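Here the structure is laid out as structure tokens; the discussion comes afterwards.
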Amino acid sequence: SADDYGPANVTAVSVNEAYGTVTGGGACTLGDSVSVTAAAQPHYAFVEWQDASGAAVSEEASYTFTVLSREVSLKAVFEAVSYNVTVAANDDTMGTVSGATSAVFGTEVTVSATANKYHSFVAWKDAEGTTVSESAEYTFSVAGNTSLTAEFARDSYTVTATANDAAYGTVSGAATVQGGDSVTLTATANSGYTFVRWEDASGNSLSASAEYTFVPESDVTVVAVFSETPVTITVTVSDEAHGTVTGGGTY
92 SADDYGPANV TAVSVNEAYG TVTGGGACTL GDSVSVTAAA QPHYAFVEWQ
142 DASGAAVSEE ASYTFTVLSR EVSLKAVFEA VSYNVTVAAN DDTMGTVSGA
192 TSAVFGTEVT VSATANKYHS FVAWKDAEGT TVSESAEYTF SVAGNTSLTA
242 EFARDSYTVT ATANDAAYGT VSGAATVQGG DSVTLTATAN SGYTFVRWED
292 ASGNSLSASA EYTFVPESDV TVVAVFSETP VTITVTVSDE AHGTVTGGGT
342 Y
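Each residue of the sequence shown is one higher than the last, beginning at 92 in my numbering.
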């Protein structure tokens, strides 16, 4: 009958044109095969076509159907794409990382790197090995799937050793060592002098042992303190009946 083949109209719209656009539809005849197409904008994805009641009718971006009603209303639904942000350390023994997440385009994300003892954070690098930040706490705007690696390095410390007076004695063992490694300093007194102790640059006592082993945690200067060896002079008289003596002692 005429009613079976009369004029009809298909209206296709986007839920939000910032998310995606639609084409197709328009005037047609009942019983026609009509196609509508949804195209997502960058960073968005097509979800489904819905009818006027909000019921899903197709998950295909290009939807072809037979027109059975004089007025057909379709809505293309889009959603923001969620991107993965993954983080890793170049060596798990050197430090830890946090901040891995999933987020939509334009979201600000912060990732953090924390170096373990005797190590330092160097930089965040992307999947191509390009440095993107030298800050341990890095905030950026998500633009796609992102893989970041925190680069850590083992620290090195310079140990400087000196004598309080080069005329009193010598020191050895000064070195530059990797973080966590020990260093041994040795103090050797010259003739007529005695080793007293090791001190730091502020004069704080560190060790009374001439051979001093420790693990530095920063660049450090250590001073070997020497002093003159006391000399004891003893005087006696062969016969106190003949006279007396004075002047003995320790000097």
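The beta-carbon is built from N, C-alpha and C at its ideal position, and this holds for glycine as well. Bear in mind the structure is a predicted one, so any value in this text is a computation, not a measurement.
What does a CB cutoff of less than 8 Å around residue i pick up in its chain, not counting 5 residues either side in sequence?
i, result
"residue 115", "101, 103, 125, 126, 127, 128"
"residue 210", "185, 186, 243, 244, 245, 246, 270"
"residue 260", "254, 278, 279, 280, 281, 284, 286, 315, 317"
Specify the secondary structure class of residue i as computed by DSSP and reduced to three states.
i, result
"residue 110", "coil"
"residue 96", "helix"
"residue 174", "strand"
"residue 158", "coil"
"residue 165", "strand"
"residue 225", "coil"
"residue 139", "strand"
"residue 102", "strand"
"residue 117", "strand"
"residue 152", "coil"
Using CA atoms only, rank isn't needed, just tell me which of the options is closest to residue i.
i, options, result
"residue 302", "239, 286, 200, 319", "286"
"residue 237", "96, 212, 168, 200", "200"
"residue 277", "268, 283, 316", "316"
"residue 97", "141, 160, 117, 109", "160"
Within a Cβ cutoff of 6 Å, which residues of the same chain sit near residue i, ignoring the five residues on either side of it in sequence?
i, result
"residue 158", "99, 119, 121, 123, 125"
"residue 164", "102, 143"
Taking the alpha-carbon positions, what's the residue i to residue j distance?
i, j, result
"residue 247", "residue 137", "54 Å"
"residue 253", "residue 292", "10 Å"
"residue 180", "residue 204", "8 Å"
"residue 233", "residue 221", "17 Å"
"residue 168", "residue 153", "13 Å"
Excluding the 5 residues preceding and the 5 following residue i in the sequence, name in chain order all residues of the same chain whose CB lies nearer than 7 Å to its CB.
i, result
"residue 182", "243"
"residue 213", "242, 243, 244"
"residue 170", "135, 136, 138"
**Prompt:** Where in the stretch 242-319 do unbroken runs of the beta strand (DSSP E), each at least 3 residues long, occur, reported from the N-terminal end onward?
**Reply:** 247-254, 260-263, 266-269, 274-280, 284-291, 296-298, 302-305, 311-319
**Sequence ranges, beta strand (DSSP E) only - wholly within the stretch 186-238, length at least 3** = 186-189, 192-195, 199-206, 210-216, 222-224, 228-232
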